[in-house]
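Q: Would you mind keeping the following structure in view while I ask a few things?
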Amino acid sequence: MNTPEGVEIRGKSIRISFTYREMRCRETLKGWEVTKGNLKKAGHLRASILSEISLGTFDYLSRFPTSKKAQLFATPEQRGKNLTVRELFDDYIQLKQATMASQSLYVLSTTARACCLFVGEERTISTITIMDALKCQKLMVDSPTRTGASRSAKTINNMIKLLRRCFDLAVKSKFIDDNPFLHVELLSGGSGEPDPLELEEFHQLIESTTNLQQRNMFTLAIYTGMRTGELCALAWEDVDLDKGTIEITRNVTIERKFTTPKNKKSERTIHLLEPALLALKSQRELTMFSPVRDIFVEVKGSNTFRQESVRFVFIPERRNGQAPSETYKTTTYNRLWSRALKRAGIRHRCSYQSRHTYACWLITKGANLSFIAEQMGHKSTMMLERVYGRFMKSHSHEQIEYLNGLMASSK
111 MNTPEGVEIR GKSIRISFTY REMRCRETLK GWEVTKGNLK KAGHLRASIL
161 SEISLGTFDY LSRFPTSKKA QLFATPEQRG KNLTVRELFD DYIQLKQATM
211 ASQSLYVLST TARACCLFVG EERTISTITI MDALKCQKLM VDSPTRTGAS
261 RSAKTINNMI KLLRRCFDLA VKSKFIDDNP FLHVELLSGG SGEPDPLELE
311 EFHQLIESTT NLQQRNMFTL AIYTGMRTGE LCALAWEDVD LDKGTIEITR
361 NVTIERKFTT PKNKKSERTI HLLEPALLAL KSQRELTMFS PVRDIFVEVK
411 GSNTFRQESV RFVFIPERRN GQAPSETYKT TTYNRLWSRA LKRAGIRHRC
461 SYQSRHTYAC WLITKGANLS FIAEQMGHKS TMMLERVYGR FMKSHSHEQI
511 EYLNGLMASS K
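Residue numbering for the sequence shown is 111 to 521, as defined by this note's numbering.
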């Protein structure tokens, strides 16, 4: 079958070739069947491309939006006209892979998928307007989750913040001129303000929990301020009951992958309060002599792993005759916590509120802020003052007695 100049048959496809900016280019015409009519049309297409090249109006990316060769010649503005929301997020995540730990990358990817659904993953980023951005936020508010619940302000704000960062990357790359999500105000009530348990509520929680291991877990969480991932990854090798200390050296992610803690400051020594020490002594009878597990721990920021042999403090119970997992997933712990609150008749809070409770209790009792910051793995007391320093109304009488004492001594 004869073909026009610059047109060739490649198997069941038609390919055209031309020279652009002194480089030979070949492009397969996807979906074009090999027929005489299509070969003739391919010749006309090639002629049009040569004419555009001669006139200086050829837009390679518009002609062949999926072509890898087109990316070499495209200006930032041209790329922006063809770059989809999904592609922008994919690029952003790929750039973050070298610097983010697996858990953070998992959360980022999950949030990115949700953002793409709300914005429209096949839409080109150059077509997203401020009105679209505002409608996107409204859709996040109005549409229920898979369980039928409403999204929290914090969840919606996190998605808007990620959209801002991705579109900011597009602006700085000169794909677009303006970031439409900068004009979307964050919702109020999304700061994750502490909602600590009162002491009476904690006693209700413990008294209504008949499972000894779960009682020990909840007590240790409340009286150490450990993060959920740190609690689930705790091993007996990290515990010194004689000294009354815990060494925080690892974390477990939602996917049950082990990593080093959140940051360098989070690798710390926790000095145990008496209830936490008693909980660990109780737990010792349950799991101290459990089998040793060989695990790999991802060292954040280095793309390396270290091997450890450990016996975990908290081990899931055997279910339906199946061997238990080596340690709890954070999602499993969260479910146990929520069920325990419901069973105790306590208003629901997320499990992370045990960390808030520890900080608020110690602050209310007048503990040294630097000590609390060290115990919780904060870099300074600023976080305590800004986030955790919530005054608990149930301790009003203590404050009055304390102030009355000060006033009397000054007379």
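Every residue, glycine too, gets a C-beta built ideally from N, C-alpha and C. Note that the coordinates shown come from a computational prediction; the quantities given were computed from them, not determined experimentally.
(1) Taking the beta carbon of V229 as the centre, do at least 16 other beta carbons fall within 10 Å, making it buried, or is it exposed?
(2) Relative to the ligand GDP, is the shortest distance from any of its heavy atoms to the C-beta of D404 smaller than 7 Å?
(3) Which residues in the same chain have their Cβ closer than 7 Å to the Cβ of N148, if we skip the five residues on either side of it in sequence?
(4) Enumerated in chain order, which unbroken segments of the beta strand (DSSP E) with a length of 3 residues or greater are wholly contained in the segment 463-493?
(5) DSSP three-state label for Q417, please.
(6) Identify, in the order they occur along the chain, each residue of the same chain with its Cβ nearer than 7 Å to the Cβ of L160, setting aside the five sequence neighbours on each side.
(7) Excluding the 5 residues preceding and the 5 following Q207 in the sequence, name in chain order all residues of the same chain whose CB lies nearer than 6 Å to its CB.
(8) CA-CA distance, H293 and M250?
(9) If we count Cβ pairs, one from each stretch, closer than 8 Å, do we get three or more for the segment 301-314 versus the segment 363-372?
(10) Near A483, what residues of its chain come up, given a Cβ to Cβ distance below 8 Å and the 5 sequence neighbours on each side ignored?
(11) Could you spell out where the beta strand (DSSP E) holding L130 opens and where it closes?
(12) Can you check which of these residues, L215, R134 and A222, is closest to L182 by C-alpha distance?
(13) Which value, in whole angstroms, describes the spacing of the CA atoms of F285 and L351?
(14) Indicate whether V409 and E418 have their beta-carbon atoms separated by less than 8 Å.
(15) Between the C-alpha atoms of E295 and R274, what's the straight-line distance to the nearest angstrom?
(16) Jot down the residue ranges of each uninterrupted alpha helix (DSSP H) in the segment 141-202, minimum 4 residues, whole runs only, in chain order.
(17) Could you give the DSSP three-state label for N61: helix, strand or coil?
(18) Could you check the C-alpha separation between V402 and Q485 for me, to the nearest Å?
(19) What is the rounded straight-line gap between the Cα of P385 and the Cα of A331?
(20) Looking at L193 and T234, is the spacing between their C-beta atoms short of 8 Å?
(21) Among E232, L139 and I266, which has the Cα closest to the Cα of L155?
(22) Kindly indicate which residue of L383, E357, L227 and E377 has the alpha-carbon position closest to the one of L472.
(23) What are the boundary residues of the alpha helix (DSSP H) that H458 is part of?
(24) Could you give the first and the last residue of the continuous alpha helix (DSSP H) run that contains V117?
(25) Can you give me the start and stop residues for the beta strand (DSSP E) that H381 sits inside?
(26) Quickly, what does DSSP pair M241 with across the bridge? List them, please.
(27) What residue range is occupied by the uninterrupted alpha helix (DSSP H) comprising L227?
(28) Are there 16 or more other CB atoms within 10 angstroms of the CB of A222, so buried, or fewer, so exposed?
(29) Mind checking F277: buried by the 16 CB within 10 Å criterion, or exposed?
(30) State buried or exposed for T532, treating a residue as buried only when at least 16 other CB atoms are found within 10 Å of its CB.
(31) For R325, report the span of its alpha helix (DSSP H) as first-last.
(32) Since A450 and T319 should fall inside the 8 Å C-beta cutoff, what is the C-beta to C-beta distance between them, to a whole number of angstroms?
(33) Where does the unbroken alpha helix (DSSP H) through E317 begin, and where does it stop?
A: So, from the listed chains and residues:
(1) buried
(2) In terms of ligand content, the structure shown is empty, and the ligand GDP therefore cannot be addressed.
(3) Apart from the 5 residues on each side of it in sequence, N148 sits with its Cβ closer than 7 Å to the Cβ of I124 and W142 in its chain, given in chain order.
(4) none
(5) Q417 carries a strand assignment under DSSP once its states are collapsed to helix, strand and coil.
(6) Around L160, the same chain offers F128 as residues with beta carbons nearer than 7 Å, after the five sequence neighbours per side are excluded.
(7) None.
(8) 16 Å
(9) no
(10) If you ignore the 5 residues before and after A483, its C-beta comes within less than 8 Å of the C-beta of K489, S490, T491, M493 and L494, all in its own chain and listed in chain order.
(11) Here residue 130 turns out to be Tyr, not Leu, going by the sequence shown. S123 to Y130 is the span of the beta strand (DSSP E), which, as asked, contains Y130.
(12) R134
(13) 58 Å
(14) no
(15) 11 Å
(16) 146-165, 170-173, 178-183 and 186-192
(17) The requested residue 61 is not part of the displayed model; the chain covers only 111 to 521.
(18) 28 Å
(19) If I take the Cα positions, the gap works out to 11 Å.
(20) Closer than 8 Å, so yes.
(21) Comparing C-alpha distances from L155 to each of E232, L139 and I266 shows the shortest one belongs to L139.
(22) Nearest of L383, E357, L227 and E377 to L472, Cα basis: L383.
(23) Here H458 belongs to no alpha helix (DSSP H), and DSSP marks it neither H nor E.
(24) From DSSP, V117 is part of no alpha helix (DSSP H) but of the beta strand (DSSP E) over V117 to R120.
(25) Membership of H381 in the beta strand (DSSP E) is indicated by the continuous run T379 to H381.
(26) In the DSSP output, where bridge partners are listed per residue, M241 has none listed.
(27) S212 to V229
(28) buried
(29) buried
(30) With the chain represented from 111 up to 521, any question about residue 532 goes unanswered, as that position is not in the structure.
(31) Per DSSP, R325 belongs to the alpha helix (DSSP H) from L322 to T334.
(32) Contact between A450 and T319 holds, with the beta-carbon distance rounding to 5 Å and staying under 8 Å.
(33) L309 to S318
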